[in-house]
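What follows is a short report on a single structure.
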Amino acid sequence: MRAVDRDDADVIVVGAGPAGASAAHWCATAGLDVLVLEKSAFPRDKICGDGLTPRAVAELARMGVDTRAEDGWIRNDGLRVVAGGRSWELAWPELTTYPGYGLARSRMTLDHFLVQHAQASGAKLAERTKVTGPLTDERTGRVVGVHAQPLDARGRADGAPRTFRAPVVVAADGVSSRFATALGLTRRDDRPMGTAVRTYYRTEGTPRHADAFMESHLELWDGTPGQSNLLPGYGWIFALGDGTANVGLGSVASTPARQSAQGHDYRAMMKAWTANTPPEWGFTPENQIGPVRGAALPMGFNRSPMYRDGTVLVGDSAGMVSPFNGEGIAYALQAGRVAADAIAQARTRLTDDARERTLATYTDRMRADLGGYYTLGRWFVRLIEHPAVMRACVKYGLPQPVVMQFVLKLLSDCYEPRGGDWVDRVIAGLTKVVPNA
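Every number in my numbering is 6 more than the matching position in the sequence shown, counting from 1.
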């Protein structure tokens, strides 16, 4: 698709998180010349729960990523749900579409590992290169590259600004996506928004050291459980297999305005929750590694259109976090794959109009696969915003085995999209009858 000799690549990818690394890998595998621009230097941290559902594991398998334990990956067998003074261990379902296990790995090493995988596939990486805005064609307004600023180790400008050209730019620059914003692609106010905070604790010698289950606490109390105020959120504990655990909590609101109105002090919530965990877990200031850090979670396709005039939005830049569980990595990896396929197919078209129509199929495919699921997620968020509904679900719903089957498959997005058992068919049917997000 290289249109002129002065193009620096067939595809420029802005950002080297999971979405960017996936897009770069799949574009390079298709024979495209790929340039990835990342403002930081690896390894670098990202705020995340560090858990990977079976859906994300399936995407890693498609990429050919080796997830052996000796390379720093830890498997988990399912989800442990804690609520109402009880806990339930729910094994990941055995499906033909997804494997029966999840993974956990710190984003400090996960993102570096994935971008190295993309490099091994042929992509080029430029670190400490901050993209400052789009380069557009003066006549058509179409994006034909990016403006960028090299940075030094302290994040300061280091040398003259640069311009890189390519027929297609993949914006994988996260929740704020300054690249998309500069093009007038702003976030929607009718989509859910989440907030999460997390830190790490040393776990060697504690029961949390090598837990085979990802643990989710649906009730958070600011004092003695059951005898104090119920905090509006959920907590998680994910063992990382390296002597540490990722411990965090988050909440979600049906709109950004409702989230702002809540005015929660998430760090105070985190402190109250961990202070009330069993002493043998060791979630104490002495065992804490690093500060409590937070991030926004853009949900339900909250930025659109996902393709316009030479720019493809993937991952958090398009708001692809699930409203059900705050999971974003699986969808980021999927978006990179689908975007790359549309870009590679567009390269074979003979006219500008045909290329544009082919690139636009990326949006259609993502909506067809996830639009109904995200709509159900929006309705789910509206329900659990009411504490009385949440308490009723915990008290009367979770103890029912059938309800637990739905909870696991619906919240984790691990169900057979075609066939499967009756629970799979019900969920798949619901996603098809509701309007696409």
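For each residue, glycine too, the CB sits at the ideal point set by N, CA and C. All values derive from a computational prediction rather than experimental measurement.
- DSSP, reduced to helix, strand and coil, places R197 outside both helices and strands of the structure shown, so it counts as coil.
- Residue pairing by DSSP puts H223 in a beta bridge opposite V88, G241.
- Note that the C-beta distance between P329 and F386 is below 8 Å.
- Contact check for S222 and L85: beta-carbon distance about 6 Å, within the 8 Å limit, so the pair qualifies.
- Exclusion of the five residues before and after E100 leaves G106 as the residues of its chain whose Cβ lies within less than 6 Å of its Cβ.
- In this structure, S182 sits away from R384, with a CB-CB distance that is not shorter than 8 Å.
- Scanning the stretch 288 to 315 from its first residue to its last, the whole beta strand (DSSP E) runs of 3-plus residues come out as 294 to 304.
- The three-state reading of DSSP puts A126 in helix, counting H, G and I together.
- Within the same chain, Cβ atoms closer than 7 Å to the Cβ of L416 are found at F330, I433, the five residues on either side in sequence being excluded.
- With contacts defined by Cβ atoms closer than 8 Å, V327 and G200 form a contacting pair.
- Out of Y421, V429, L414, the CA that lies nearest to the CA of E95 is found in L414.
- Just measuring C-alpha positions, the residue of L303, R81, G316, G332 sitting nearest S323 is L303.
- Excluding the 5 residues flanking it on each side, G128 has same chain C-beta neighbours closer than 6 Å at A34, in chain order.
- From the listed residues A154, K45, T142, D14, the smallest Cα separation to R134 is found for K45.
- Apart from the 5 residues on each side of it in sequence, E422 sits with its Cβ closer than 6 Å to the Cβ of L101, T103, D430 in its chain, given in chain order.
- Of C54, A25, A29, the smallest CA-CA separation from G254 is found for C54.
- A direct Cα-Cα distance of roughly 12 Å separates N252 from N293.
- Nearest to F185 by C-alpha distance, out of M410, G378, R314, is R314.
- Rounded to the nearest angstrom, the gap between the Cα atoms of W242 and M220 is 7 Å.
- In terms of Cβ geometry, Y207 and I80 do not form a close pair [threshold 8 Å].
- Apart from the 5 residues on each side of it in sequence, D196 sits with its Cβ closer than 8 Å to the Cβ of T261 in its chain, given in chain order.
- For the options M410, V439, T357, D427, the alpha carbon positioned closest to that of Y380 is the one of V439.
- Annotation for I18: the continuous beta strand (DSSP E) segment containing it runs 17 to 20.
- Looking at the backbone, the Cα of E362 and that of L141 are separated by about 18 Å.
- K136 counts as buried, since no fewer than 16 other beta carbons sit within 10 angstroms of its beta carbon.
- As summarised for the stretch 35 to 89, the continuous alpha helix (DSSP H) elements at least 4 residues long and confined to that stretch are 60 to 69, given in chain order.
- Here S418 carries a helix assignment [DSSP, helix/strand/coil].
- The bridge partners DSSP lists for T317 are V175, R314.
- Approximately 11 Å separates the beta-carbon atoms of A346 and L365; this is outside 8 Å, ruling out the contact.
- Of the candidates R160, D164, V152, V408, V152 places its Cα closest to the Cα of D179.
- If you draw a straight line from the Cα of R168 to the Cα of G342, it comes to about 25 Å.
- Cβ-Cβ distances below 8 Å link A89 to H223, L224, E225, V400, L404 in the same chain, with the five nearest sequence neighbours on each side left out; the list follows chain order.
- A distance below 8 Å separates the beta carbons of A336 and R61.
- Rounded to the nearest whole angstrom, the C-alpha separation of D117 and Q340 is 15 Å.
- DSSP places F170 in the strand class (E or B) of the three-state scheme.
- Distance from the Cα of D419 is smallest, within the candidate group L319, R194, R148, L382, for L382.
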